[in-house]
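Asks: Structure in structure tokens, see below.
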Amino acid sequence: MPRTSSDQSHPATQGADHLASARRTITLEIEGLKALMTSLDGPFSAAVEALGAATGRVIVTGMGKSGHIARKMAATLASTGTPAQYVHPGEASHGDLGMITGEDVILALSWSGETSELSSIISHAKRFAIPLIAMTSVEASALGRAADVALVLPRAEEACPNKLAPTTSTTMQLALGDALAIALLEMKGFSAKDFSVFHPGGKLGAMLKLVREVMHTGDELPLTGPSTSMSQTLLIMSQKSLGSVGIVDEAGHLIGMITDGDIRRHSGAEGLLAKTAGEIMNRTPKTVAPSMLASEAVKLLNDKKITSLFVVEEDRPVGLVHIHDFLKAGVI
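Take the sequence shown: its position 17, counting from 1, is numbered 11 in the numbering used here, and each next residue is one higher.
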């Protein structure tokens, strides 16, 4: 029998129900994260030290939803300076144990700590004295007892109304994995420049380029001396088409800069073309080093409301970058 209008929920009511459900889910997961934060203690520090001491890789493993989180942990660790690899526990007993060496450390995830598929990896760790770190909610479980370090997750309420689907639990696992990765990153002094080595592609890769990878060099540089007439200086600016010219002394040190903006500001001055570059130049130009991140150079351009920067080493110009260069490189 067709439903009547009285049988149907109003769309606004349905939307409110969806929002209420979403807020309940997020609230429960936040509560789980708060419980996790307050539960951190000595074993966390011990785990960081053990992971950092490994001369090989961090082998991350887990089954089911924990396995998906383990894969993400391995990827995060690898991209932040800690070599890592995910090993599927089900495949481990069929030859993949050969991926684990005596120089590695194992990080095993299991909410219950009783995941049977982990047994071969646990046995392998014990047989070859490979450090084993457990991430579980039951310290007295098989995994917890076997581990050299047990990271015990608090028994927080799952967001699933049936209390079955891993939601809050996997959120806590993910957050704890991130905490380990960042603690290791900070312990190793892993910098943004190091980060760029592992992220050469996409927008992030572009932002992590160095200025030296974007700058104009050699004959492309518009340079002249302070005694050069402004008529000749304007010709150099026009030929190089970079909207600026650097002024250097006899030793090759950058002592000033003239931009299109400087020319416009002096356009009403009588006898501009009769003046020298040294009379017009900005004597305190903003400069950057070739090792600066491109994203940092863009911030400087934006903050100072300028369009180009000379790149210097020991006060000598070795390059020039224009805002358009960053656009072309995908940094902006």
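Built from N, CA and C at the ideal position, the CB exists for glycine as well.
As the structure is a computational prediction, the values presented were derived from the model and not from experiment.
Please say whether Ala44 and Ile176 have beta carbons closer to each other than 8 Å?
Replies: In the sequence shown, the residue the question calls residue 176 occupies position 182. In the sequence shown, the residue the question calls residue 44 occupies position 50. Against a cut-off of 8 Å, the Cβ pair of Ala44 and Ile176 comes out as no contact.
Asks: Does the region 45 to 57 come close enough to the region 67 to 79 to have 3 or more Cβ pairs within less than 8 Å?
Replies: Yes, they touch.
Asks: Can you list, in chain order, the residues of its chain whose CB lies under 6 Å from that of Leu371, leaving out five sequence neighbours each side?
Replies: Look at the range of the chain in this structure, -5 to 326, and you will see that residue 371 is not part of it.
Asks: Go ahead and label Lys203 buried or exposed: buried means 16 or more other beta carbons lie within 10 angstroms of its beta carbon, across all protein chains shown.
Replies: Translated into the one-based positions of the sequence shown, residue 203 becomes position 209. Looking at its Cβ environment, which holds 16 or more other Cβ atoms inside 10 Å, Lys203 is buried.
Asks: Smallest Cα separation from Lys269: which of Thr281, Thr227, Leu236?
Replies: Walking along the sequence shown from the start, residue 269 turns up at place 275. If we check each option's Cα against that of Lys269, Thr227 comes out closest.
Asks: Check the Cβ-Cβ distances between Leu71 and every residue of chain B, and say whether any is below 8 Å.
Replies: The structure shown contains no chain B; it is built from a single protein chain.
Asks: CA-CA distance, Lys182 and Asp254?
Replies: Locating residue 182 in the sequence shown gives position 188, where the first residue counts as 1. Locating residue 254 in the sequence shown gives position 260, where the first residue counts as 1. Cα to Cα, Lys182 sits roughly 45 Å from Asp254.
Asks: From the DSSP output, in three-state form, read off Ser0 for me.
Replies: Residue numbering aside, residue 0 sits at position 6 when the sequence shown is read from its first letter. Its pLDDT being 49, under 50, Ser0 is placed unreliably in this model, and the value from its coordinates should be taken loosely. Helix at Ser0.
Asks: Does DSSP put Phe38 in a helix, a strand or coil?
Replies: Position 44 of the sequence shown, counted from the first residue, corresponds to residue 38. Phe38: helix per DSSP, three-state reduction.
Asks: On a Cα-Cα basis, can you pick out the residue from Ser114, Leu321, Val315 that is closest to Val239?
Replies: Counted from its first residue, the sequence shown places residue 239 at position 245. Nearest option by C-alpha distance: Val315.
Asks: Going straight from the alpha carbon of Thr211 to that of Thr218, what length do you get?
Replies: Numbered from its first residue, the sequence shown carries residue 211 at position 217. Numbered from its first residue, the sequence shown carries residue 218 at position 224. Approximately 15 Å between the Cα atoms of the pair.
Asks: Measure the alpha-carbon distance for Leu30 versus Glu180 and round it to whole angstroms.
Replies: For the purposes of this step, residue 30 is taken as residue 36 along the sequence shown, with counting starting at 1. For the purposes of this step, residue 180 is taken as residue 186 along the sequence shown, with counting starting at 1. So the alpha carbons of these two residues sit roughly 21 Å apart.
Asks: DSSP on Val292, reduced to helix/strand/coil?
Replies: For the purposes of this step, residue 292 is identified with residue 298 of the sequence shown, where counting begins at 1. Correct three-state label for Val292: helix.
Asks: For His12, which of helix, strand or coil comes out of DSSP?
Replies: Mapped onto the sequence shown, residue 12 falls at position 18. Reduced to three states, the DSSP call for His12 is helix.
Asks: Express the C-alpha separation of Lys280 and Lys298 in angstroms, rounding to a whole number.
Replies: As a first step, residue 298 must be located in the sequence shown, where it is residue number 304. As a first step, residue 280 must be located in the sequence shown, where it is residue number 286. One C-alpha to the other measures close to 9 Å.
Asks: When burial is assigned at 16 or more other CB atoms within 10 Å of the CB, is Phe347 buried or exposed?
Replies: The structure shown does not extend to residue 347, since the chain spans only -5 to 326, so no value can be given for it.
Asks: Taking the beta carbon of Leu103 as the centre, do at least 16 other beta carbons fall within 10 Å, making it buried, or is it exposed?
Replies: For the purposes of this step, residue 103 is taken as the residue at position 109 of the sequence shown. Classification for Leu103: buried.
Asks: Is there contact between the region 94 to 109 and the region 60 to 74, where contact requires at least three CB pairs shorter than 8 Å?
Replies: Segments in contact, yes.
Asks: My guess is that Ala153 and Thr161 are in contact by the Cβ rule of under 8 Å, so how many angstroms apart are they, rounded?
Replies: Locating residue 153 in the sequence shown gives position 159, where the first residue counts as 1. Locating residue 161 in the sequence shown gives position 167, where the first residue counts as 1. That belief holds up - the Cβ atoms of Ala153 and Thr161 are roughly 4 Å apart, short of 8 Å.
Asks: Would you call the CB atoms of Leu295 and Ile317 closer than 8 Å?
Replies: For this step, residue 295 is matched to residue 301 along the sequence shown. For this step, residue 317 is matched to residue 323 along the sequence shown. Cβ distance < 8 Å, so Leu295 and Ile317 count as in contact.
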